[in-house]
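**Student:**
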Amino acid sequence: MNRKALSLPILTSLVIGNMIGNGIYILPASLAVFGTISLLAWIYTSAGAIFLALTFAHLSKRFPKTGGPYVYCKQAFGKVVGFIVAYTYWISNLVSIAALSVASVGYLGFISPILDSNSAVYNHWLTLAVEIGFVWLFTIINLIGIHTAGVVQLFLTIIKISPLILITLIGFGSIHLDNLLQFSTGNTTAFSAFGSAAAITFWAFIGLESATVPAENTQGYRDIFRATVMGTIIAAIIYVTSTFVIMGMIPLSQLTHSQFPFAEAASQLFGVNAAAALAVCAVISGLGALNGCVLIQGQIVFAAARDNLFPRYFAKLSKHDVPVAGQLLSCTVITLYLILTVQPVLLQQFNNIALLASLLTLIVYFVSMLAEVKFCIQSKGKLSRLLFGKTFLIAVVATAYAAWMISCFNITLLMSALVLFIVAWPIYFFVVRHQ
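Mapping of the sequence shown onto numbering that gives the first Met the number 0: position 196 corresponds to residue 195, and the numbering continues sequentially without gaps.
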C-alpha cells in the first residue's frame with residue numbers, strides 16, 4: 000500500500016470530519032428535553048473522549064496495522080474476541096452511516112418542504128430514496144481510491160466547521176441568560192437526565208479513532224497520534240461552545256421541537272438567506288462524516304478478511320488499494336437497514352439509530368481500552384511502575400468511562416446489542432471453519 004496516501008491534514012480531517020457530522024446540527028434539539036444540564040454532559044463526554052483518544056493513540060504505536068480497534072483486541076484477547084469486535088465495529092459503522100444519511104436529508108428539509116417531516120407535504124418514501132442515494136454516492140467515491148476519498152474529506156471538513164465557528168463567535172452576543180436557567184426539565188431526576196444526555200452526546204464522538212484504522216496508508220505513528228488527539232480536542236471545543244450558544248439563543252421549549260436549530264440561529268443573526276446557506280452546510284457536514292465512515296468500514300472488513308476472520312474474498316484489493324467487495328457488501332446492508340427503520344418522524348428515526356450506533360461503538364471502545372490495560376500490565380513488570388505509569392492510568396480512566404457510558408443506555412438497546420453478539424458466534428465458527 001502507498002504509505003503516503005493519507006497525510007497529517009487529511010488524517011486530522013478524517014478524525015474531525017467523522018465526529019463532526021450533522022449530528023451537532025441536530026443534537027441541541029435532542030438535548031433540550033433534558034435542560035441545560037446537558038451542557039455538563041457535553042463537558043463530561045468530551046473529557047472522556049480525550050482519554051479514549053490518548054489510549055487509541057498509544058495502541059496505534061504498539062500495532063501500526065490497518066484495522067484499528069479490531070487489531071488491538073485480536074492481539075490482546077485472541078481471534079474470537081477479535082472477530083466479535085470487528086463484527087461489532089463494522090455494524091456500528093454501518094448504523095452510523097445510516098444515521099448520517101438520515102440527518103443529512105433532515106436538513107435538506109429546511110430547503111425542500113417535501114423532505115421536512117414537520118411539513119404537510121412530507122414524503123417519507125422520497126426521503127428514503129435520497130438517503131439511499133447519498134450512501135451509494137459516497138461508496139462510489141471511495142471505490143475510486145482511498146486518497147481521493149481523503150482529499151474529499153479534507154475539503155468537506157473545512158466547509159463544515161466554518162459556519163459552526165462563525166455562529167458560535169457571533170452568537171455569544173445574542174445569548175439570553177434566561178434561556179440557560181432551566182437546568183432540568185423536571186421530567187426525570189437530574190442524575191438520570193445527565194446520564195441520558197451523555198449517552199446522546201457520545202454519538203458526536205464516534206469516529207475519534209478513525210486515524211488508527213487505515214494505519215498502513217499513513218506516514219506513521221506520529222501523524223496518527225497527532226491527528227487523533229488534536230482532532231478530538233478541536234471537536235470537543237466546537238461541540239460545547241456551539242451548544243451553549245444555541246441553548247442561550249433559542250428557548251428550550253422551542254428548541255425541543257426544532258429540526259433545524261443552527262439554521263434558526265443563523266436566521267436570527269443574519270436573516271433567512273443565511274439560514275438556508277447554513278442548512279446546506281449541515282448537509283455537507285453530514286455527507287463529510289458519511290464519506291469518512293464509508294472509508295473506515297471498508298478498511299475494517301479488509302483487515303479482518305486478511306486475517307481469515309471474515310471471508311477471504313473481502314481481502315482482495317483493487318488496483319487503487321480499495322476492498323471493493325467489502326464496500327459493496329456494506330452499502331447493501333445499509334440500504335436494507337434504512338428501509339427497515341424508516342419512520343414518519345425523522346428526528347425519532349435519527350435518535351433511535353444514533354443511540355444504537357453509540358452503544359455498539361462504546362462496546363468496541365471498552366474492549367479496546369481493556370486491551371491497552373492488559374498490554375501495560377504485561378510490559379511494566381513491577382507493580383509500582385505500573386500503578387504510576389501515565390499510559391496505564393489513562394487507559395484505566397478511559398476503561399471506567401466507557402463502562403459507565405454503556406450503563407447509561409436503556410435495557411432495550413442493551414438487549415439489541417446482546418442479540419447481535421449472540422448472532423456473531425455461529426457466524427464466526429462458520430467463517431473460520433470454511434476458511
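Ideal Cβ positions, reconstructed from N, Cα and C, are used throughout, including at glycine.
Which residue marks the beginning of the alpha helix (DSSP H) containing tyrosine 121, and which one marks its end?
**Tutor:** Per DSSP, tyrosine 121 belongs to no alpha helix (DSSP H) and is neither H nor E.
**Student:** Going by beta-carbon coordinates alone, are methionine 18 and phenylalanine 204 separated by less than 8 Å?
**Tutor:** Yes, the pair counts as a contact, with Cβ atoms nearer than the cut-off.
**Student:** In whole angstroms, give me the CA-to-CA distance for valine 14 and phenylalanine 201.
**Tutor:** Answer to the nearest angstrom: the Cα atoms are 15 Å apart.
**Student:** Since I believe aspartate 222 is in contact with leucine 412 (beta carbons under 8 Å), could you give me their beta-carbon distance rounded to a whole number of angstroms?
**Tutor:** Incorrect: roughly 35 Å between the Cβ atoms, too far for contact.
**Student:** Is the distance from the Cβ of lysine 64 to the Cβ of glutamate 215 below 8 Å?
**Tutor:** Their beta carbons are under 8 Å apart, which means lysine 64 touches glutamate 215 by this criterion.
**Student:** Around the Cβ of phenylalanine 374, are there at least 16 other Cβ atoms within 10 angstroms (buried) or fewer (exposed)?
**Tutor:** So phenylalanine 374 counts as buried.
**Student:** Give me, in chain order, the residues of the same chain whose beta-carbon lies closer than 7 Å to that of valine 396; leave out the 5 immediate sequence neighbours on both sides.
**Tutor:** The answer, listed in chain order, is Phe50.
**Student:** Alpha carbons only, please: which of Tyr24, Gly144, Gln298 and Val84 is nearest the one belonging to valine 101?
**Tutor:** Measuring from the Cα of valine 101, the nearest candidate turns out to be Tyr24.
**Student:** Let's test the definition: count the other Cβ atoms within 10 Å of the Cβ of histidine 256 and tell me whether it reaches 16, buried, or not, exposed.
**Tutor:** Exposed is the call here.
**Student:** If we count the other Cβ atoms within 10 Å of its Cβ and call it buried at 16 or more, is methionine 414 buried or exposed?
**Tutor:** By the 10 Å Cβ count, methionine 414 comes out exposed.
**Student:** Note down the Cα distance separating leucine 176 from glycine 247, rounded to an integer number of angstroms.
**Tutor:** Approximately 6 Å, taken between the alpha carbons.
**Student:** From threonine 188 to glutamine 326, what distance separates their C-alpha atoms?
**Tutor:** Each residue's Cα considered, the two are about 44 Å apart.
**Student:** Counting only the same chain and skipping the five closest in sequence on each side, list residues whose C-beta sits under 8 Å from that of arginine 2.
**Tutor:** Confidence in arginine 2 is poor, its pLDDT being 46 and thus under 50, which makes the residue's placement too unreliable to answer from.
**Student:** Between the alpha carbons of glycine 108 and valine 134, how many angstroms are there, rounded?
**Tutor:** Whole-angstrom Cα-Cα distance: 18 Å.
**Student:** Within the same chain, show all residues whose beta-carbon is closer than 6 Å to that of isoleucine 58, passing over the 5 residues directly before and after it, in chain order.
**Tutor:** Here the sequence assigns leucine to residue 58, which means isoleucine is not the residue at that position. Contacts found: Tyr71 and Glu371.
**Student:** To the nearest angstrom, how far is it from the Cα of leucine 369 to the Cα of alanine 46?
**Tutor:** Approximately 18 Å, taken between the alpha carbons.
**Student:** Let me check one thing: in DSSP terms, what residues is threonine 217 bridge-paired to?
**Tutor:** BP columns for threonine 217 point to Leu5.
**Student:** Only counting the same chain, and skipping five residues up and downstream in sequence, which positions put a Cβ closer than 6 Å to that of valine 120?
**Tutor:** Counting only Cβ-Cβ distances below 6 Å, and skipping sequence neighbours, we find Pro112 and Ile113.
**Student:** With H, G and I counted as helix, E and B as strand and the rest as coil, what does DSSP make of methionine 0?
**Tutor:** Residue placement at methionine 0 is flagged as unreliable, the pLDDT there being 44, under the threshold of 50; a coordinate-derived value is accordingly withheld.
**Student:** Leaving out five residues on either side along the sequence, give the residues of the same chain with a beta carbon under 7 Å from the beta carbon of arginine 305.
**Tutor:** Once the five neighbours on either side are set aside, the close Cβ partners of arginine 305 are Ala314.
**Student:** Contact between the region 259–278 and the region 155–173 is defined here as three or more beta-carbon pairs at a separation below 8 Å; is this criterion met?
**Tutor:** Cβ pair count under 8 Å is three or more, so yes.
**Student:** Would you mind working out which of Ser284, Val323 and Ala278 sits nearest isoleucine 299, comparing C-alpha positions?
**Tutor:** Per the Cα distances, Val323.
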